[in-house]
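Residue numbers (our numbering): 157 to 514.
1) In this structure, does DSSP put residue 198 in helix, strand or coil?
2) If you follow the alpha helix (DSSP H) that residue 286 is in, where does it begin and where does it stop?
3) Could you have a look at residue 460 and say whether DSSP puts it in helix, strand or coil?
4) Out of 447, 453, 407, which has the shortest C-alpha to C-alpha gap to residue 429?
5) How about residue 373 and residue 422: are their beta carbons less than 8 Å apart?
6) Is the beta carbon of residue 277 closer than 8 Å to that of residue 234?
7) By the 10 Å Cβ neighbour count, where 16 or more other Cβ atoms means buried, how is residue 218 classified, buried or exposed?
8) When the distance is taken between beta carbons, is residue 387 closer than 8 Å to residue 350?
9) Is residue 360 near residue 417, with beta carbons less than 8 Å apart?
10) In the DSSP assignment, the beta strand (DSSP E) including residue 326 goes from what residue to what residue?
11) Measuring alpha carbon to alpha carbon, tell me which residue in 498, 392, 252, 354 is nearest residue 479.
12) DSSP three-state label for residue 345, please.
13) How far does the alpha helix (DSSP H) with residue 486 in it reach, from first residue to last?
14) Are there three or more Cβ pairs, one per stretch, closer than 8 Å when the segment 248-260 is compared with the segment 189-209?
15) Under 8 Å: do the segment 426-440 and the segment 394-405 share three or more Cβ pairs, one atom per stretch?
Pasting the structure below:
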């Protein structure tokens, strides 16, 4: 390795300049305060981030720049830092008053002095997290809006649709045959709208659910309930159930919506004289795969992935455009997969693969 001559370069001065440049352009602001909160040192990048020149802040009490609503929290955590022994750290987030931009959010980690940090004072590292806090606030507001929308879908709109259905059934006795056909259309449309609100509500639930709502669910219980419901609402369909293992899977109660949509889909898009549906399942050490097979029109190869897209009605038949999208969204939120295969000789097989519960 060739040695580079030092010449007349002052290495100590160069190191100091580099050190200052690092502090000037660093993302974190370094502040040293005493036990009373008085600022004893402020790194050069303070002016870029906080708006205040370092010399302006030195000698000031940092609490004078903390938002009044956050002051008690900062005092409590700073007191914990001061009263601790050895090198301890406290991290908090609070609003800090800048020179021209109003308050910004800072994430601050404070370190007490000790043998590892031979500094007479408490060192804090501050980072501007205003963008993240604004994003978190937008997420909270959107979540609140989604909860409100879900309530409207689940209750207000659904109740109105039930009133429409009830009125149509009452009018059925007071109209002629042609009128009854129109009323049948009204009832069918109301039923479709109810189904749509249920799917949209379930989708909202998925978007609102947390990891804590995913746990262990009995697969055979969920399947049995949905199969019984299908037999009650679609007596024209021949439903066959092969052995379904009594096993728990990693999911939530909304797993019922997955099989409700797949079973309903198998009947709605089947225009044969006798819709036939077969439900079967298989398992290995880690997974359970449920097969929902029908004798309907099947799904063309080029559509086998697209039908799970948002707004896709699938199978070239009428539908809400939400059901299969909801199915995939739910299954993937549980860590599983769903796909469609060809049935022999006719129809489609929807396969849902789920993880076994631990």
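Beta carbons are placed, not taken as given, at the ideal position from N, Cα and C, and that holds for glycine.
On the basis of the data shown:
1) strand
2) 286-307
3) coil
4) For the residues 447, 453, 407, the minimum Cα distance to residue 429 belongs to 453.
5) no
6) no
7) buried
8) Residue 350 places its beta carbon 8 Å or farther from that of residue 387.
9) no
10) Run containing residue 326: none in the beta strand (DSSP E); it sits in the alpha helix (DSSP H), 314-327.
11) When only C-alpha atoms are compared, the closest one is 354.
12) helix
13) 479-489
14) The answer is yes - the segment 189-209 touches the segment 248-260, with three or more Cβ pairs under 8 Å.
15) yes
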